[in-house]
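In terms of the numbering used here, the sequence shown is residues 140 to 495. Heads up, the beta-carbon is just placed ideally off N, CA and C, and yes, glycines get one too. Taking it in order: structure first as structure tokens, then the write-up.
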Amino acid sequence: MTKIKILMLLIGFFVLFSCKNDSKLPENTYKEENIVKNNGENFGIVIHGGAGTILKENMSDSLEIAYKAKLEEAIREGHEILKNGGTALEAVTKTITIMEDSPLFNAGKGAVFTHEKTNELDASIMDGATLNAGAVAGVTRVKNPIDLALAVMNDSPHVMLSGKGAETFAEEKGFQLVDPSYFFTQKRFNSLQRIKDKEKTELDHDGKTAFADPIIKASKFGTVGCAALDKNGNLAAGTSTGGMTNKRWNRIGDSPVIGAGTYANNATCAVSSTGWGEYFIRAMVAHDISALMEYKGISLQEAASEVIQKKVPALGGDGGVVSIDKDGNVAMEFNTAGMYRAHMDAEGKLFIGIYK
Ligand code: ASP
């Protein structure tokens with residue numbers, strides 16, 4: 140063999156070796172092979188009903204039973220869909236509508252009140268297989284905002300619609316609209332009154348310290364969310380909320396913001412957030428968890444703790460997430476006293492938790 144041939148052979152080996160390394164680059168874009176991945180047996184679902192100052196000593200036995208029963212009803216419904224071969228998107232949507240219909244949670248019926256004594260609802264959903272997403276913000280007449288978010292994803296060229304326009308879209312798509320009074324609950328109305336009274340006497344009037352006050356913080360949580368992995372290996376996540384009590388100026392939190400309140404990517408995980416929305420937007424919580432897994436190659440649990448226990452508190456925020464990865468591992472991470480949460484795996488093993 141001549142020297143030139145040996146040199147060419149060496150160059151050949153070098154080129155081959157560099158190509159091999161390329162395949163180790165993170166897969167952050169939509170790929171066909173991400174759509175059907177697991178063996179058809181693995182699936183799972185995880186939900187939250189909000190995080191916050193949820194303390195055992197402030198909770199009556201009957202209320203605790205009611206919360207647990209509703210969480211169980213919702214997650215069982217989603218689990219059944221997955222068990223029967225339904226999609227993660229179907230499971231997420233159905234599970235969230237059950238919680239939206241319950242006055243226990245700050246979403247749909249039972250949503251918190253704005254400063255102007257109205258209810259403005261936000262929701263979002265994301266499909267991990269295609270990275271498609273849909274969201275609505277500030278709707279006041281849509282009974283189940285998560286259904287409308289799904290319609291935005293499936294039946295519109297857009298990702299996020301807001302206010303009156305979102306409701307016009309809802310009407311055009313045949314959604315039945317409800318009177319805004321449908322969302323009223325005395326408990327949430329009383330919370331608004333309590334906060335307003337406190338605001339009048341003790342707090343500043345620019346609304347800044349109002350959100351930092353403990354009483355106000357305690358009454359602002361209760362968002363609902365769900366993340367699921369279906370038998371085809373597809374991930375999806377969704378979130379729905381009334382936002383924060385006493386919010387003004389058409390404030391929009393993290394829940395309808397893709398990447399903050401909701402994110403799903405078949406290459407990594409599906410995440411739904413709950414907490415102080417301003418901080419969750421700034422930390423891009425849901426996407427950051429996915430990105431940590433993707434770029435650093437760490438586990439879902441490590442990524443969720445990094446963001447919830449370090450990044451969000453470092454900014455001054457609080458809250459939590461529920462999340463599930465492409466192998467069915469879940470992380471239910473929060474830095475508040477409690478988070479209403481539940482998980483069911485492929486074997487039907489159920490976990491329900493409220494406190495730390
Ligand atoms: N994240 C929601 C918001 O800021 C509130 C919550 O999760 O309870 O609108």
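Going straight from the alpha carbon of residue i to that of residue j, what length do you get?
| i | j | result |
| --- | --- | --- |
| residue 313 | residue 396 | 25 Å |
| residue 109 | residue 401 | Given a span of 140 to 495 for the chain in the structure shown, any question on residue 109 remains unanswerable. |
| residue 289 | residue 340 | 43 Å |
| residue 467 | residue 184 | 8 Å |
| residue 182 | residue 228 | 13 Å |
| residue 435 | residue 427 | 11 Å |
| residue 486 | residue 221 | 11 Å |
| residue 253 | residue 180 | 44 Å |
| residue 399 | residue 201 | 34 Å |
| residue 299 | residue 456 | 25 Å |
| residue 294 | residue 311 | 11 Å |
| residue 488 | residue 292 | 32 Å |
| residue 263 | residue 287 | 9 Å |
| residue 425 | residue 373 | 17 Å |
| residue 273 | residue 375 | 12 Å |
| residue 260 | residue 322 | 10 Å |
| residue 217 | residue 186 | 10 Å |
| residue 236 | residue 431 | 30 Å |
Tell me the DSSP secondary structure of residue i in three-state form.
| i | result |
| --- | --- |
| residue 490 | strand |
| residue 409 | strand |
| residue 266 | strand |
| residue 385 | coil |
| residue 476 | coil |
| residue 288 | helix |
| residue 276 | strand |
| residue 483 | strand |
| residue 198 | coil |
| residue 246 | coil |
| residue 234 | helix |
| residue 457 | coil |
| residue 204 | helix |
| residue 443 | helix |
| residue 464 | strand |
| residue 451 | helix |
| residue 299 | strand |
| residue 254 | coil |
| residue 396 | coil |
Only counting the same chain, and skipping five residues up and downstream in sequence, which positions put a Cβ closer than 6 Å to that of residue i?
| i | result |
| --- | --- |
| residue 464 | 408 and 439 |
| residue 239 | 246, 247, 283 and 379 |
| residue 392 | 382 and 416 |
| residue 242 | 248, 249 and 324 |
| residue 453 | none |
| residue 386 | 253 |
| residue 316 | 280 |
| residue 251 | 245, 327, 381 and 384 |
| residue 277 | 259, 301, 302 and 389 |
Bridge partners for residue i per DSSP, in chain order?
| i | result |
| --- | --- |
| residue 271 | 266 |
| residue 261 | 380 |
| residue 193 | None; residue 193 has no bridge partner. |
| residue 418 | DSSP, once it has assigned bridges, lists no residue as partnering residue 418. |
| residue 321 | Answer by DSSP bridge pairing: none, since residue 321 is not bridged. |
| residue 363 | 379 |
| residue 281 | 316 |
| residue 434 | Answer is none; residue 434 lacks a bridge partner. |
Excluding the 5 residues flanking residue i on each side, which residues of the same chain have their C-beta closer than 8 Å to its C-beta?
| i | result |
| --- | --- |
| residue 476 | 191, 192, 193, 194, 494 and 495 |
| residue 318 | 280 |
| residue 232 | 264, 285, 286, 289 and 377 |
| residue 255 | 387 |
| residue 257 | 279 and 319 |
Note down, in chain order, each residue of its chain lying with its Cβ closer than 7 Å to the Cβ of residue i, except the 5 sequence neighbours on either side.
| i | result |
| --- | --- |
| residue 447 | 459, 460, 472, 473 and 474 |
| residue 491 | 207, 210, 211 and 481 |
| residue 158 | Low per-residue confidence applies at residue 158: pLDDT is 40, beneath 50, and the placement is therefore not dependable, though the value from the model is reported in the following sentence. Same-chain partners within the cutoff: there are none. |
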